[in-house]
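Here's the structure, in structure tokens; my notes come after.
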Amino acid sequence: MFNKTDIAKKINHPIGDIILLNEIDSTNTYIKKNVSSLKDRTIVCAKRQTDGRGRRGKSFLSPDGGLYFSILIKSEESIKDPSMLTVVSAVAVSKAIESICHIQSQIKWVNDIFIDGRKCCGILCESGASGNGGKLDYIIVGIGINVIFPKCGFDSEITDIACALSEYTAVPEYSDLIATIFNNLIDYSPDFNPLDFINEYKQRSCIIGQNIFVLRGKERIPAKAIDINESNASLLVKYADGHTESLLSGDVSIRTR
Ligand code: BTN
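Quick note, the sequence shown lines up with residues 33 to 289 if you use my numbering.
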């Protein structure tokens, strides 16, 4: 499917290691378990995951044919602002899908990637402390892309809301996707101008100006998505009674239907 040399030769930044696995529980979990011995900018990629993890404790089904990989970031500048890396990763993936597959994708806050209203990619960013002091010193950016439509179809729960790149294009080289996403991510961090960047994020957003639902615990509150804050990527929403609120991605999630 792809090998280290294919990926390495397409990467144009310094890199740690590239670890390719046939099967693993989760590439994010693999990095967490081995974080002290792994170098900054290590990429861990698996052909399938047996316990793929999504946001909010959900599982992420990861059969053969998808692209599942995680990037370890240990540089201090990037770790200063994990919320920015979360949104940067969404733009990095959306741009890569555009340049490699010639497909226009959209970002659903905070970092789900959609094509024509169906999700093709989820991103799980996790930060942690490897030392005893408890100071955050690493971030893992875990990316799962449905590349080839799964042989047995998507799980019944997501069959209407998920899609695969292969429904829209010839199957791309996995090494192109990995390397381009990595290059895009590193291009942006840490010296990018947040204002330019957020504009790019907003242009790709499918929710600005849309009616959405804010999910908080069991509550499902109708609101309108107004804007994304350029300093912390929070989502400004307006509720039916006119009051507004800035939502941080860790606190709530949203639905478009
Ligand atoms: C989501 O949609 O909620 C996020 C899904 C993130 C899935 C990727 S696949 C690679 C990495 N390893 C995991 O266990 N999760 C992320």
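Cβ atoms here follow ideal geometry from the backbone N, Cα and C, with glycine treated the same way.
- Message: For a test of the three-state rule: what should DSSP assign to residue 35, helix, strand or coil?
- Response: In the three-state scheme derived from DSSP, where H, G and I count as helix and E and B as strand, residue 35 is classed as coil.
- Item | For residue 229, three-class secondary structure by DSSP | Secondary structure of residue 229 (DSSP, three-state): helix.
- Query: Do residue 329 and residue 152 have their C-beta atoms within less than 8 Å of each other?
  - Reply: What is shown of the chain runs 33 to 289, which leaves residue 329 out entirely.
- Task: Could you work out which residue in 262, 117, 200 is closest to residue 133 when comparing CA atoms only?
- Result: Nearest of 262, 117, 200 to residue 133, Cα basis: 200.
- Limits of the unbroken beta strand (DSSP E) element including residue 122: Following the DSSP letters along the chain, one finds residue 122 in no beta strand (DSSP E) but inside the alpha helix (DSSP H) bounded by residues 114-133.
- Message: Please identify the residue among 245, 263, 160 whose C-alpha is closest to the C-alpha of residue 270.
- Response: Residue 270 has its Cα closest to that of 245, out of 245, 263, 160.
- How long is the line joining the alpha carbons of residue 225 and residue 206, rounded to whole angstroms? Roughly 30 Å between the two C-alpha positions.
- Kindly list the residues whose CB is nearer than 6 Å to the CB of residue 46, restricted to its own chain and excluding five residues on each side of it in sequence; keep chain order. Correct list: empty, nothing qualifies.
- Leaving aside the five residues before and after residue 36 along the sequence, list all residues of the same chain whose C-beta is less than 7 Å from its C-beta, in chain order. If we look at residue 36 and ignore the five residues flanking it on each side, its Cβ neighbours are 50, 52.
- Indicate, with yes or no, if ligand 1 has a heavy atom lying under 7 Å from the CB of residue 65. Between ligand 1 and residue 65, a heavy atom-to-CB distance of less than 7 Å is absent.
- Task: Determine the contact status of residue 140 and residue 216, defining contact as a CB-CB distance below 8 Å.
- Result: Cβ atoms of residue 140 and residue 216: not closer than 8 Å.
- Message: Restricting to Cα atoms, I'd like to know which of 247, 92, 261 is closest to residue 255.
- Response: With distances taken between Cα atoms, residue 255 lies closest to 247.
- Message: Quick check: the Cα distance between residue 236 and residue 142, rounded to an integer number of angstroms?
- Response: Cα-Cα distance, rounded: 12 Å.
- Query: In the structure shown, what three-state DSSP assignment does residue 67 receive?
  - Reply: Here residue 67 sits in helix by DSSP.
- Tell me whether residue 144 counts as near ligand 1, meaning its Cβ is closer than 7 Å to at least one heavy atom of that ligand. Correct: residue 144 has its Cβ closer than 7 Å to ligand 1.
- Minimum C-alpha distance to residue 273 - residue among 124, 253, 286: Its Cα nearest to that of residue 273, the residue 253 stands out among 124, 253, 286.
- For residue 101, is the beta carbon positioned less than 7 Å from some heavy atom of ligand 1? Residue 101: yes, Cβ under 7 Å from ligand 1.
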